[in-house]
Amino acid sequence: MDRKQGRLYSHAWFAVMILTAGYFIDTAHTKASTELPILQDVTSASSKRLAQKTKEYNEALASGDSLKIAEQGYQLGKAYMVVGDHLAAQKYFMQALRIWEPRKGWESMSKIHLRLAEYHFRLKHHKEVFSNASLAMHYAKLSGVRHSLMGADISMAGAYGLRYKMQTNHKRDLDSSHYYYDQALELALSLGNPGDIANVYSLYGPRINDLNHTRYISNLKKAEAIFTREKVTSMIVTTRLSLADAYLDTHHPTLAKNWLREAKQVMDTSSFENFELRGNILKSTANLYEQMSDHKQALAYYKEYHNLAAKALTEDREGAISRLSVEYETEKKAATLASQQKELSLQAQNLKSQKWLTRLAMILSLSAIGFGGVFYWLYRKYRRTSDQNQLLVAEQNHRVKNNLQQITSLLSLQSNRMQDSVGKQVLEESLLRIHAVSLVHQRLYDGSQPVQVDLEEYIPRLAASVFKIFGMESFRPNYLVEKIWLHADKAASFGLILNEMMTNACKYALSHQQEPSLIISCVQQGKSIVFEMKDNGPGFSYESVKKGFGLQLIAVLAGRLKAQLSADKKGNHFTLVFEP
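Numbering follows UniProt numbering, with no gaps: position 464 of the sequence shown is 464.
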């Protein structure tokens, strides 16, 4: 592993320092091995936990107890961080901080600032990280709780390390980082909790320079021995992988290979699974074979690593969308139940009124007027319910659009940090696909139809986004697009197909022509929608490349639309026919 890769690993370990600091605060009275949030998988359990914490927070609000509101707000903020909604988490953290501050809840205020430091560390805001870590240390000292001080020491070590890497590159910041680490280790040893001690041992050793390696490897071995004794599967794999990377740094591939094999063995033989760890094992194995000059094996492991990364990206996106769907369905069922209860109450009142009116035959005319008034009231009520449902659908589209934009922002940050051109290209193509779906929900939210998309507006907007990504903002294709309304479900699949076709055209056709030309047509013919796209590129043999990922994706999406997909022999004229 070269010095540049070493610097990347050091940056990642400072991130672990910040993340683990919050863990030390939250487990002040429990064993460290019972909860290890550094490597938590975001699964359906996280969504259930979020729902439970939301319920507990609402109960605290109903009680009017401000301390309960603060504590449950903090717990709800942590739950939002697990599912990736850091903006919502910040809102609840700040609310809890405002309640605890006048009451001098030093320990609670310390853990809030640790969480805020974690949030800014994700965004690489080194000034905000340092500010919040310093406040966490200040309040931890006021509280006098040694466990809180240990978490604050870890946070300060990470803050100095981040400032060293991003701004100063001064030895004094590096020395300060090591100083706070040593303070944390001393506290962990005095507290005597094996999980705490192992965690602090595993955090030391960002690969800043070669002098750190001896102590770093020694500490990792101590941590690995404790985690093995305590049977903490995730951290056993993590520390063994870290030992392998450390030996790769010092060009000892044989020792690195042994640790990699042991890490993989634990991962394969246990029920524990984590995309990030699995990917790191593959990446380190590729680095190992690269050091051993076995480039064929190295390339194979790199490919497997990128395939796993793509799978993780897909599952993360689908998980986010699934959570939104669950939230929407829950709200819809609650609204339906409330509406049914109101209707039952109205029916009971109407029955009583009818019995009373039957006995008073003398005022039948007045009864008829009364019934007419009741029916008119019911009609207005149902109209209001319909309008409310329409607003709920629009709000749901808005939430889906915002969440997809957050996913896009996170992937953009990851893409900017990636050095590998192939991986970066995969992320950029995935960003375009997510944007295609996001644009559907934006059109739904901005438009007058809550469940239908106007293709006359949607197609040029999506095409412009693709042209912008490829630096072709000034290019203007020829459009022949009629005003056609398409249901949101089909619009999403159609948008992904259009995105793939536009991407292929920009990459392989338009960019190689002195006078590029592109014709996009979408018209209604009878009961069918006919979409055509034609460019003046060199074309390609559809049969020879149809096994590529992009064309396979187009074929799958066309199947969802029950569409007929055809291409001419030159490979630069595509036709898609489907029913709306």
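Where a beta carbon is used, it is the ideal one built from N, C-alpha and C, also for glycine.
Straight across, the Cα-Cα distance linking Trp485 with His512 is about 35 Å. Note that the C-beta distance between Ala62 and Ile99 is not below 7 Å. Taking a C-beta distance under 7 Å as the contact criterion, Tyr180 and Asp153 qualify as a contact pair. Comparing alpha carbon positions, the residue from Asn536, Val82, Gly471 closest to Ile520 is Asn536.
Counting every other CB atom within 10 Å of its CB across the protein chains shown gives Glu224 a total of 16 or more, marking it as buried.
Taking a C-beta distance under 7 Å as the contact criterion, Ala263 and Ile281 qualify as a contact pair. Excluding the 5 residues flanking it on each side, Trp106 has same chain C-beta neighbours closer than 7 Å at Tyr139, Leu142, Ser143, in chain order. Of the residues assessed, Gln52 falls on the exposed side of the cut-off, its CB having fewer than 16 other CB atoms within 10 angstroms. Look at Glu532 here: in three-state DSSP terms it is strand. Under the 10 Å beta carbon count, Trp356 is surrounded by fewer than 16 other beta carbons and is classified as exposed.
Partner residues in the beta bridge of Val481, as assigned by DSSP, are Cys522. Secondary structure at Ser517: coil, using DSSP grouped into helix, strand and coil. For Asn219, the closest C-alpha among the options Thr228, Thr239, Thr285 is that of Thr239. In the structure shown, Val453 adopts extended strand secondary structure according to DSSP, grouped into three states. Listed in chain order, the non-local C-beta contacts of Glu579 below 8 Å within the same chain comprise Lys527, Ser528, Ile529, Lys562, local neighbours out to five positions each way being set aside.
Exclusion of the five residues before and after Met267 leaves Val237 as the residues of its chain whose Cβ lies within less than 6 Å of its Cβ. With a 10 Å radius around the Cβ and a threshold of 16 neighbouring Cβ atoms, Leu480 comes out exposed. Remark: fewer than three beta-carbon pairs, one from each stretch, lie closer than 8 Å, so the stretch 251-265 and the stretch 299-313 are not flagged as touching. By the beta-carbon neighbour count (other beta carbons within 10 angstroms, threshold 16), Pro477 is buried. Annotation: Ala96 to Lys78 spans about 12 Å, alpha carbon to alpha carbon. For Thr228, the uninterrupted alpha helix (DSSP H) run begins and ends at 213-230, by DSSP. From the listed residues Val200, Phe227, Arg229, the smallest Cα separation to Tyr216 is found for Val200. Taking 7 Å as the cut-off, the Cβ atoms of Ser108 and Ala136 do not count as close.
DSSP places Phe574 within a strand segment (E or B) once states are collapsed to three.
Between the alpha carbons of Asn274 and Ala309 lies a distance of about 11 Å.
Burial state of Met81 is buried, judged by a 10 Å Cβ sphere holding 16 or more other Cβ atoms.
In the three-state reduction of the DSSP assignment, Ala463 falls in the helix class. For Ala298, the secondary structure class from DSSP, reduced to helix, strand or coil, is helix. Between the C-alpha atoms of Arg172 and Phe130 there is a straight-line separation of about 15 Å. In this structure, DSSP gives Ser271 a state outside helix and strand, which the three-state scheme calls coil. One Cα belongs to Ala505, the other to His487, and the distance between them is close to 26 Å. Under the DSSP assignment, Gln167 falls outside any alpha helix (DSSP H); it carries neither an H nor an E label. When rounded, the separation of the alpha-carbon atoms in Thr358 and Leu351 is 11 Å. For Ser566, the beta-bridge partners assigned by DSSP are Thr575. Assigned with DSSP and collapsed to three states, Leu123 falls in coil, not helix or strand. The Cβ neighbour count for Leu187, taken over all protein chains shown within 10 Å, is at least 16; the residue is labelled buried.
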